[in-house]
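I have placed the structure first, in the form of structure tokens, so that the comments after it can refer back to it.
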Amino acid sequence: MLKILAIVTMLIDHLGFTFFPDFLIFRIIGRLALPLFAWGVAIGYTRTRDVKKYGQRLLVLAIISQPIFYLAISESYLNICFTLFLGLLAIYFYDRIFKNYLNLLFLILSIASAYVLNVEYGVYGVLMILLFFIFRKNFLMIPGQSILVFIFALLNPNSIFQIFSIPAFFIIYYFQKYDFRINRLLQYSFYPAHLLVLYLLSLLFWP
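Using this note's numbering, you'd call the opening residue of the sequence shown number 1122 and step up by one each time.
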């Protein structure tokens, strides 16, 4: 359920960005997408049999999607899949801090890389993924993530619309038990495929 909702809200957001920029309702609904995808990475870490292969899949998807992302969305930053990959790295090193304290340095580097590489949602996105992992079984997920959203909105006035992502934390907390797996090929191919379709449609309507 949550994965399907993540895909649907992302599609609505990108439809609004591409074809209906004056209709803010598309972008407001789209604010639910980041938390849902961030949750997917956090919970995916706990379920995967091989976290390294999981990370490789995210990184390959990010690289493949980037040229299409440049055409369809923006040339100024790296796509969300890079953010999800760095979030997975942050979880990996956080989960191993007490095994080797050098992992604390790698954790900090994973978070800082979001800023250096200029990935979509930056440090905010990576921290959201990490917080989902830390509070995945705790009601503190909701206030913890909400505080992160408000801090981000205060530091970035142009991103005030992120406050509309807060309902996603309630949805995730109360409906996570109803989640189910979807086809892996669909899960990984939808992102670049929908960007390509939107780009081609935009050329058709605005050549």
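C-beta: ideal position from N, C-alpha, C; glycine also.
Going by alpha carbons, who is nearest to residue i out of the options?
i     : options                    : result
L1136 : I1281, L1123, I1250, I1150 : I1150
Y1198 : K1174, A1159, G1243        : G1243
I1201 : A1159, S1267, A1314        : A1159
F1206 : I1263, A1235, Y1222        : A1235
N1259 : I1272, I1293, I1232        : I1293
A1314 : A1183, P1156, R1148        : A1183
P1288 : V1270, N1304, L1276        : V1270
T1204 : I1255, L1238, I1194, L1226 : L1238
A1127 : F1311, L1325, W1327        : F1311
Y1215 : L1132, S1267, L1306, F1254 : F1254
V1129 : R1152, L1145, D1143        : R1152
G1161 : P1142, I1229, V1247        : V1247
L1230 : F1256, R1257, Y1213, L1145 : Y1213
L1404 : L1306, Q1297, W1327, L1307 : The chain is shown from 1122 up to 1328; residue 1404 falls before or after that span and cannot be answered.
L1209 : G1176, L1307, L1223        : G1176
F1138 : K1173, L1123, F1190, G1165 : F1190
L1179 : I1218, Y1309, A1163        : Y1309
T1167 : R1257, L1123, R1305        : R1257
L1316 : I1232, F1227, K1124, S1186 : S1186
For the alpha helix (DSSP H) that contains residue i, what are its first and last residues?
i     : result
F1291 : 1287-1296
P1278 : Unbroken run through P1278: none, as it is neither H nor E.
R1168 : 1154-1168
I1218 : Here I1218 belongs to no alpha helix (DSSP H), and DSSP marks it neither H nor E.
Y1312 : 1305-1326
F1190 : 1172-1193
P1260 : Note on identity: in this sequence residue 1260 is Phe, with Pro being the wrong assignment. Counting along the chain, F1260 falls outside any alpha helix (DSSP H), and DSSP gives it neither H nor E.
R1148 : 1145-1151
I1128 : 1123-1140
Looking at the strands, I want to know which residues DSSP matches up with residue i.
i     : result
L1199 : V1240
Notebook entry, point to check: Within the chosen definition, does the segment 1275-1292 reach the segment 1308-1324 through at least 3 CB pairs nearer than 8 Å?
Noted result: no
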